[in-house]
Amino acid sequence: MMLRRSTLALAASALLATGPLALTTPAPAAAAAAATTALPHRVLFDNSKGETAGNADWIISTAQPDPRTQNANPTTEKSWTGALSAWGVALQKTGQYSLKTLPAGSTIGYGTGAALDLANFDTFVIPEPNIRFSAAEKSAIIRFVQNGGGLFLISDHDRSDRNNDGWDSPAIINDLFTNNGVNNNDPFGFSVDVKNISTDNPRAVNDAADPVLHGPFGTVTGSILRSGTTFTLKPADNPEVKGIVYRTGSSGNTGAFFVTSGYGTGRVAAWGDSSPADDGTGQSGNNLFNGWDDPAGTNAALALNATAWLSKG
Numbered sequence: 007m008m009l010r011r012s013t014l015a016l017a018a019s020a021l022l023a024t025g026p027l028a029l030t031t032p033a034p035a036a037a038a039a040a041a042t043t044a045l046p047h048r049v050l051f052d053n054s055k056g057e058t059a060g061n062a063d064w065i066i067s068t069a070q071p072d073p074r075t076q077n078a079n080p081t082t083e084k085s086w087t088g089a090l091s092a093w094g095v096a097l098q099k100t101g102q103y104s105l106k107t108l109p110a111g112s113t114i115g116y117g118t119g120a121a122l123d124l125a126n127f128d129t130f131v132i133p134e135p136n137i138r139f140s141a142a143e144k145s146a147i148i149r150f151v152q153n154g155g156g157l158f159l160i161s162d163h164d165r166s167d168r169n170n171d172g173w174d175s176p177a178i179i180n181d182l183f184t185n186n187g188v189n190n191n192d193p194f195g196f197s198v199d200v201k202n203i204s205t206d207n208p209r210a211v212n213d214a215a216d217p218v219l220h221g222p223f224g225t226v227t228g229s230i231l232r233s234g235t236t237f238t239l240k241p242a243d244n245p246e247v248k249g250i251v252y253r254t255g256s257s258g259n260t261g262a263f264f265v266t267s268g269y270g271t272g273r274v275a276a277w278g279d280s281s282p283a284d285d286g287t288g289q290s291g292n293n294l295f296n297g298w299d300d301p302a303g304t305n306a307a308l309a310l311n312a313t314a315w316l317s318k319g
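Numbering (my numbering), first residue to last: 7 to 319.
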């Protein structure tokens with residue numbers, strides 16, 4: 007998708023350079039290029055893997071697949087119902103993103119022709135999955151990234167099995183990395199640590215050139231960890247892997263709390279806890295906390311910058 011945008015943008019530039027006539031009478035190709043360039047970045051949030059199990063409410067809206075059917079012009083996180091609504095509303099308000107949710111009971115697919123197939127999106131967000139991916143779903147996710155998609159994974163701590171099916175998010179994500187049928191040798195270059203870290207305020211590395219730490223939504227200084235985990239980097243498996251936020255006292259290949267990587271022509275980001283994305287609002291009956299605005303971190307900037315980077319915005 008990004009290649010097509012770039013190609014059409016170059017075509018538009020060439021037409022504009024041909025002289026005054028081209029400026030006063032736009033050619034059809036130039037008009038098509040402008041329309042294509044204006045297409046929003048397409049982000050799909052997953053709710054097919056138990057993201058609302060137990061006390062979790064990791065959705066941008068109860069209106070699914072299209073959150074705009076709840077409120078077409080959201081202004082605050084309370085405009086949509088879900089503990090990730092602040093994330094969704096912030097993207098929606100820019101006018102540069104098209105957001106959808108893969109509802110509960112759906113199957114993750116790639117190349118199936120379905121409306122919510124991953125091929126129709128630039129970025130796929132999986133916020134703390136609590137149901138194991140099927141073999142076909144794991145293959146679909148890896149191929150999506152391999153062919154240019156952006157994957158945003160959020161883990162939680164060890165033994166965070168909210169639906170009591172024997173699988174928690176660290177085990178589910180590690181299973182995706184090692185048993186996907188496309189590349190079972192840790193394709194993204196990191197694994198989820200099987201840990202339960204009660205609290206910490208991880209800090210960002212000093213890297214002025216990093217597009218996630220210094221992106222369109224602000225500068226990231228750190229995050230919060232409230233019962234979560236970390237990642238171990240394996241650059242021998244994938245040299246593109248990079249830790250950009252670390253647990254206190256950690257650096258290098260251990261103790262990374264926020265990780266980015268690349269695979270094929272796609273990109274990957276992973277966060278070690280669901281608490282930073284929690285905006286404290288959501289469906290009644292859930293005990294939620296506002297980590298999104300917690301002053302101990304810059305969690306909104308981190309989530310939004312990462313989404314922009316994954317979407318190649």
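Beta carbons: idealized from backbone N, C-alpha and C, even for Gly.
The structure displayed is predicted, hence computed values, not measured ones.
- Beta carbon of residue 297 nearer than 7 Å to that of residue 281: yes
- Give the single residue among 252, 219 and 270 whose Cα lies nearest to the Cα of residue 309. 219
- With residue 210 and residue 250 assumed to form a contact (beta carbons below 8 Å), what rounded beta-carbon distance in angstroms separates them? 6 Å
- Task: Report buried or exposed for residue 373, applying the criterion of at least 16 other Cβ atoms within 10 angstroms of its Cβ.
- Result: Here the chain covers residues 7 to 319 and nothing more, so residue 373 does not appear.
- Task: Might you give, ordered along the chain, the residues of its own chain that have their beta carbon closer than 7 Å to the beta carbon of residue 317, omitting 5 neighbours on each side?
- Result: 47, 49, 128, 129 and 156
- Per DSSP, which residues does residue 48 bridge with? Please list them. 104
- Could you give the residue range of the alpha helix (DSSP H) that holds residue 315? 305–316
- Query: By how many angstroms is the C-alpha of residue 90 removed from the C-alpha of residue 305?
  - Reply: 12 Å
- Go through its chain and collect everything with a Cβ distance to residue 86's Cβ below 7 Å, but skip five positions before and after it. 66, 67, 73, 76, 77, 80, 94 and 95
- Along the beta strand (DSSP E) that carries residue 248, what are the first and last residues, could you check? 248–252
- Message: In the DSSP output, what is residue 273 paired with across the bridge?
- Response: 156 and 268
- Would you give the residue range spanned by the alpha helix (DSSP H) that residue 229 belongs to? Unbroken run through residue 229: none, as it is neither H nor E.
- Query: What are the start and end residues of the alpha helix (DSSP H) that includes residue 183?
  - Reply: 175–184
- Task: May I ask you to report which of helix, strand or coil DSSP gives residue 126?
- Result: helix
- Item | Close beta carbons around residue 150, own chain, < 6 Å, minus the five adjacent residues each side | 116 and 124
- Query: Where does the unbroken beta strand (DSSP E) through residue 237 begin, and where does it stop?
  - Reply: 237–239
- Note down the Cα distance separating residue 64 from residue 133, rounded to an integer number of angstroms. 6 Å
- Query: Okay, do the stretch 184–201 and the stretch 245–263 touch, 3+ Cβ pairs below 8 Å being the bar?
  - Reply: yes
- Message: 7 Å is my cut-off, CB to CB: does residue 76 come that close to chain C?
- Response: Among the chains of the structure shown, chain C does not appear; only one protein chain is present.
- Going by CA-CA distance only, name the one from 271, 160, 111 and 109 that's closest to residue 277. 160
- Starting from residue 205 and walking both ways along the beta strand (DSSP E), at which residues does that stretch end? 203–206
- What residues are listed by DSSP as bridge partners for residue 220? 225
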